[in-house]
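Protein chains: 2
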Amino acid sequence: MTLPHPNTDQISLPIVLAVLGDPTRLAIVRYLASKEGVALNCSQFLDLGSKTNLSYHLAKLREAGVTRAEVVGTNRMITLRRTDLDARFPGLLDSVIAAAGDDPALPAVGGHDIEVPA
Amino acid sequence: MTLPHPNTDQISLPIVLAVLGDPTRLAIVRYLASKEGVALNCSQFLDLGSKTNLSYHLAKLREAGVTRAEVVGTNRMITLRRTDLDARFPGLLDSVIAAAGDDPALPAVGGHDIEVPA
DNA sequence: TCCTTAGTTCAAAAGTTATTGAACAATTGG
DNA sequence: CCAATTGTTCAATAACTTTTGAACTAAGGA
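This is the structure we're talking about:
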């Protein structure tokens, strides 16, 4: 059970830009970048929308070649395709993430870190 | 008669990405980047669409803060806001233009350079 | 096996964006 | 002044995107 992903050379610049132009998806990418190397399941993003809506946005990111989704049991483990994106569009992802980094107007994942009791 | 433009600090990342995610507008930006320093009027882009449609796309680019339009007689002279974009989102424009540079699938302006007669 | 968890799919509704042609405005040159 | 040039605005339409809830699938644990 593997999900469809474009090859690196099939990743299209306008599609990637359009996909990153949505605030919800930009927030997902930002969060993935901040947890680089860690595979996250969809539930990590429930701050950003309903389960159904996230399924939609995560599919867009995957189909554009921005993320990879690996099926592990009932989970889809999501990672950024950083190596592929850097190969295809050098510097693009870094500049987008850096640009998003200091913008307080953007939505963000967070607010449900595990609380350490007192 | 000046047209409305956002200030540099009002330029929004998701809006810029969404605006650059349209192939017609990406082609306009590419062409402006290739003629940096030269102000072009709208007619230069008629390869890419009808007059009305270009008016629409050029307004989107201007309102997003990607281009500047200066009224000169009956012309709107269009330039890339490179300095402002570089200040706001360092490296972004360069990586987008570089990424677009080698993609033959993208539309491009061209085909009506002034021919030098033999 | 049955229940829960994780996520998808589907169809509908709502909202947004792109494209078109006709009409309009403003400037310039004759 | 008149005509041509440059580009905008408007209304309509077409096309696409986002969001929603209900129904569904598939795996895992009790």
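Chains A and B are the protein sequences, given in the same order. Using the UniProt record's numbering, you'd call the opening residue of the first sequence number 1 and step up by one each time. Using the UniProt record's numbering, you'd call the opening residue of the second sequence number 1 and step up by one each time. Beta carbons are placed, not taken as given, at the ideal position from N, Cα and C, and that holds for glycine. All figures in this text were calculated on a predicted structure; none of them were measured in a lab.
- In the displayed model, A:N7 falls within coil according to three-state DSSP, outside both helix and strand.
- Note on geometry: alpha-carbon atoms of A:E36 and A:V29 lie some 10 Å from one another.
- Look at A:D47: its C-beta is not under 9 Å from any C-beta on chain B.
- For A:L54, the enclosing alpha helix (DSSP H) has its first and last residue at 51-64.
- With contacts defined by Cβ atoms closer than 9 Å, B:P4 and B:E70 do not form a contacting pair.
- Per DSSP, the unbroken beta strand (DSSP E) holding A:T79 starts and ends at 75-80.
- The beta carbon of A:F89 is closer than 8 Å to those of I11, L13, V16 in its chain, skipping five residues each way along the sequence.
- DSSP links B:V72 through a beta bridge to B:N75.
- Remark: C-beta atoms of B:I78 and B:A39 approach each other more closely than 9 Å.
- Distance between A:Y56 and A:S50, taken at the CA atoms: about 10 Å.
- Taking all protein chains in view, the Cβ of A:V72 is surrounded by fewer than 16 other Cβ atoms within 10 Å, so the residue is classified as exposed.
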